[in-house]
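Visitor: The sequence shown begins at 40 in my numbering and counts up one residue at a time.
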Amino acid sequence: MRTDKYTSPLSERYASKEMQYIFSPDMKFQTWRKLWVALAEAEMELGLPITKEQIQELKDNEKDINYEVAKAREKEVRHDVMSHVYAYGVQCPKAKGIIHLGATSCYVGDNTDIIIMTEALKLVKKKLLNVLSKLAAFADQYKDMPTLAFTHFQPAQPTTVGKRATLWMQEFYLDLEDLDYVLSHMKLLGSKGTTGTQASFLELFEGNQEKVDQLDPIIAKKMGFSHCYPISGQTYSRKIDTRVLNVLAGIGASAHKMSNDIRLLQHLKEIEEPFEKSQIGSSAMAYKRNPMRSERIAALSRYVMVDALNPAFTSASQWFERTLDDSANKRLSIPEGFLAVDGILDLCCNVTDGLVVYPKVIEKRLKEELPFLATENIMMAAVKGGGDRQEIHERIRELSMEAGKNVKERGLENNLLELIAKDSAFPLSMEELEQSMDPGKYIGRSKEQVVAFLKEVIDPVLKENEELLGMESEINV
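What follows is the structure, encoded as C-alpha cells:
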C-alpha cells in the first residue's frame, strides 16, 4: 500500500494502542467536555444561575462530539477551544450560554494536559511493574548460578546470573519510586483565569472570596484529583512537565543500561534475548542472531533521555504569566516521550520474559578465568601449609604472567594450576588446587543478596500492585 505522508514510527512501530489513545485527539476533546461539565456543575453548586436542565443537556451530549462542526468552525475563527465551545453549544442550545463560563482556554488545555499525563504515568507504572515482576522471576531462578563478573569489562570476582539481574532491577525500582512521587503529587491547574488571579470568577461570584476558594477543590474532586496547584499564571508551571519527563528519562537510562548488558552477554554467548523461529538476523549473514530488541531499547532510550531537555528549556523560558512558545514544543515532546517509553517498556517486558541462558558457556568462561581469580585463596592455603607469604605472592605473580601469556600469545588453555602444582614454593598438590576451583566459593553473598532484595524490596511492591501484573507485551516488529 502506497503511503505518501510521514507517519511517526512511534505510532507505526513502537507504542501500544493504549498509550496512543491516551494522547489521541478524541481523548483530549472528551476530556475538554468533562471539564466543561465539571465547571458548570461547580458554578451551579456555588449559586450561579445555572439549571439542572442545562447540566443534564451538557451530560447527554458529553461523549457525542460533533467533530465536523468543530472543524468547520475552526477554519473560520482559527481557535480550537472556541470552536469546540461553539460545537458543544450547537448540540446544547439550552446550555450554550454557560459553557466555559468565566474560563480561559488554559482551563481545558492545561487541565487536560495534566489529566492525560497522569493517565499516561499510570500506564507507565503498570508496565514498569511488569518488567520488575519478570526480572524478579529471572533473578530468583538464577540466584545461585555462578557467572564471571566484570569491572571495566575485564574479568573480576564472580557473581551470579540472578545477582546481576538485581542490578537492573534496582535501577528500575528507583525509577518506580520517582514515578510514584510525581504521580502522587500531580494536581490540576483548576480555573485560575487569564493571569492566574481568578479575577473573572471573583466578578461572577460578586466578590465572594469564599465561593471562589471553593471552586477549584470542587472541580478537582469531580475530575478525580485531590488538589489544584495553589498558585499559577495563566498556565500550570511548566516545571511539572520537566518533572514528568525526567521520570521518563530515568526509565530510559535504566532500560539502556540493561539492554547494553544483554547485548554484551549475547556477544559472549552467555545470555540471549528471545529469537523467534523465522526471525532473520542479517540480510547477508544468515547465521547471525542480532540482539535487535535490546538495540531498539537502547535507541529509543537515547531519544527519551535527550527529550527531557525540551520541557526544561520550555520551563526556563516562560515569560511572566504566560507565553505561547511552549505549545508547539509540548505537542511534540510530551506525547512522543511517553510513546517512546511505552515502546521501551513493552520491549523490556518481551525481552526479560524470554531471556535464554546458556549455563555451559557461562561455566566454561568462568573456569577459564577462575585460576586467576582463586590465587588469593591459593596463596592463603599455601601459607597455612608452611609457605612464606611474600615469596608465594611473588611466585603467584610470576606464574600468573606466564599463564596469561600462554592464553593470550600462544592460544593455549589456562595452565596456572599446573604451573603452581609443579612449583616447589607451593606445598599443594594438583588435587588440592582443583578443590579450590568450586565457583560457589567465590560468589560471596550473591544468593543471599538476591533473596533478601526480592523479599524485602521487590515482593512487597509487587504484592501491593498485584492487580497490575500479568501483562503480556506485544511488539510489532
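Cβ atoms here follow ideal geometry from the backbone N, Cα and C, with glycine treated the same way.
What do you reckon, are the CB atoms on F411 and L467 nearer than 8 Å?
Guide: It is not a contact, given that the beta carbons lie outside the stated cut-off.
Visitor: For L227, which residues does DSSP report across the bridge?
Guide: C267
Visitor: Pull up the distance between the alpha-carbon of I336 and that of I290, whole angstroms please.
Guide: 11 Å
Visitor: Between L363 and K164, what straight-line distance do the alpha-carbon atoms span, to the nearest angstrom?
Guide: 31 Å
Visitor: Compare the Cα-Cα distances from D392 to each of Q180, I155, R282 and report the closest residue.
Guide: Q180
Visitor: Pick helix, strand or coil for F192, following the three-state DSSP scheme.
Guide: coil
Visitor: Of the choices V446, V380, N416, whose alpha-carbon is the least far from that of E407?
Guide: V446
Visitor: If we count Cβ pairs, one from each stretch, closer than 8 Å, do we get three or more for the segment 499-507 versus the segment 426-436?
Guide: no
Visitor: Determine the direct distance from the alpha carbon of Y53 to that of Y45, and round the result to whole angstroms.
Guide: 16 Å
Visitor: When burial is assigned at 16 or more other CB atoms within 10 Å of the CB, is H295 buried or exposed?
Guide: buried
Visitor: Below 8 Å on the Cβ atoms is my guess for E80 versus K261; work out the distance and round it to an integer in Å.
Guide: 6 Å
Visitor: Between E101 and I301, what straight-line distance do the alpha-carbon atoms span, to the nearest angstrom?
Guide: 49 Å
Visitor: Is L97 helix, strand or coil by DSSP?
Guide: helix
Visitor: Excluding the 5 residues preceding and the 5 following S298 in the sequence, name in chain order all residues of the same chain whose CB lies nearer than 6 Å to its CB.
Guide: Correct list, in chain order: S333, I336, A337.
Visitor: Suppose contacts are defined by Cβ-Cβ distances below 8 Å. Is I459 in contact with I514 by that definition?
Guide: In this structure, I514 does not lie closer than 8 Å to I459 by Cβ.
Visitor: Taking the CB atoms as reference points, tell me whether D217 and V286 lie closer together than 8 Å.
Guide: yes
Visitor: To the nearest angstrom, how far is it from the Cα of S47 to the Cα of K369?
Guide: 16 Å
Visitor: Below 8 Å between beta carbons: does that hold for E96 and A134?
Guide: yes
Visitor: Using only the alpha-carbon positions, how far apart do E38 and M156 sit?
Guide: As shown, the chain starts at 40 and ends at 516. That puts residue 38 outside it, with no answer to give.
Visitor: With a CB to CB cut of under 7 Å and the five nearest residues on each side skipped, what residues in its chain are close to V116?
Guide: S122
Visitor: Would you check if the distance between the CB atom of M208 and the CB atom of A175 is smaller than 8 Å?
Guide: yes
Visitor: Which residue comes first and which comes last in the alpha helix (DSSP H) that contains V163?
Guide: 144-180
Visitor: Take M66 and list the residues in its own chain whose beta-carbon comes closer than 7 Å to its own, dropping the five residues that flank it on each side.
Guide: Y60, I155
Visitor: Is the number of C-beta pairs between the segment 193-213 and the segment 476-491 that are closer than 8 Å three or more?
Guide: Segment contact: the segment 193-213 against the segment 476-491, three or more CB-CB distances shorter than 8 Å; contact assigned.
Visitor: Restricting to Cα atoms, I'd like to know which of K461, Q253, Q93 is closest to W75.
Guide: Q93
Visitor: Could you tell me which residues DSSP pairs with I310 in its beta bridges?
Guide: V396
Visitor: What residue does the alpha helix (DSSP H) around V500 start on, and which one ends it?
Guide: 498-503
Visitor: Between which two residues does the alpha helix (DSSP H) holding M344 run?
Guide: 331-346
Visitor: Near L303, which residues of its chain fall below 8 Å by C-beta distance, leaving aside the five closest residues on each side in sequence?
Guide: F192
Visitor: Between C388 and M58, what straight-line distance do the alpha-carbon atoms span, to the nearest angstrom?
Guide: 16 Å
Visitor: From which residue to which residue does the alpha helix (DSSP H) around I417 run?
Guide: 414-423
Visitor: Just to confirm, are D255 and G229 a CB contact at a threshold of 8 Å?
Guide: Yes, these two residues count as a Cβ contact at 8 Å.
Visitor: Leaving aside the five residues before and after M184 along the sequence, list all residues of the same chain whose C-beta is less than 8 Å from its C-beta, in chain order.
Guide: T199, V200, G201, V396, P398, I401
Visitor: Assign T353 to one of two classes, buried (16 or more other C-beta atoms within 10 Å of its C-beta) or exposed (fewer than that).
Guide: With at least 16 other beta carbons inside 10 angstroms of its own, T353 counts as buried.
Visitor: By the 10 Å Cβ neighbour count, where 16 or more other Cβ atoms means buried, how is D381 classified, buried or exposed?
Guide: Under the 10 Å beta carbon count, D381 is surrounded by 16 or more other beta carbons and is classified as buried.
Visitor: What are the boundary residues of the alpha helix (DSSP H) that includes G86?
Guide: First-last for G86: undefined, no H or E at that position.
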